Ligand SMILES: [Fe+2]
Ligand SMILES: [Fe+2]
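Shown next, in the form of structure tokens:
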């Protein structure tokens, strides 16, 4: 099994250990799309595809262990430990770590590599593949009123779109504009 498949198997196992919304639902509605978009961007931008795919698979792994506010840092440390155990190249481990640390849009951590740009943009792009889930979250989980929910969703989509590099915006522009029309 190559390194990416080994990581994917491990990540799937971790997500399947939780039986709430942060488990396989999170993998299927978010992580899966982050991986898909991150790979597409890595190809387009000539980034290291292996590093990008591993980082995309592991970018939210600390959430499985209930980390929220610091999941970018906890996840980077988790990845370092796990990949070191596998004997993965230390330079690539450092690259994966930086991708995971810098993926959070809300923390404005500078992205120093093209690989980190791929993962951070893909994280935001994935939101446009799970619009019904986000609507459900706002109105059912958070119990928002109609107008307040609309504003929240529009803000969220705008922030996600602004967080992306231009190449990423081009890929999801149609979905972004459609969402904004529906919410206006
Ligand atoms: Fe995250
Ligand atoms: Fe994420």
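In the numbering used here, the protein residues as written are 114 to 297.
Glycine is no exception: its CB is placed at the ideal position from the N, C-alpha and C atoms.
All of these numbers come straight from a predicted model, not from anything done at the bench.
- Setting aside the 5 residues that flank it on each side, residue 214 is surrounded in the same chain by 185, 186, 189, 222, each with a C-beta closer than 7 Å to its C-beta; the list follows chain order.
- Between ligand 1 and the CB of residue 173, the shortest heavy atom gap is smaller than 6 Å.
- When only Cα atoms are considered, residue 164 and residue 208 end up about 7 Å apart.
- Sequence-distant partners of residue 224 (beyond 5 residues in either direction) whose C-beta falls short of 7 Å from its own C-beta, in its chain, are 215, 230, 233.
- DSSP, reduced to helix, strand and coil, places residue 297 outside both helices and strands of the structure shown, so it counts as coil.
- Note on residue 154: 16 or more other CB atoms within 10 angstroms of its CB, so buried under the neighbour-count rule.
- Under the three-state reduction of DSSP output, residue 215 falls in the coil class, being neither helix nor strand.
- In this structure the region 239-252 lies against the region 266-274, because at least three pairs of beta carbons, one per stretch, are closer than 8 Å.
- Between residue 246 and residue 142, the gap from beta carbon to beta carbon is short of 7 Å.
- Per DSSP, residue 114 lies in no alpha helix (DSSP H) segment and is marked neither H nor E.
- Shown here, residue 158 sits in a helix according to DSSP, grouped into three states.
- The C-alpha of residue 283 lies about 32 Å from the C-alpha of residue 123.
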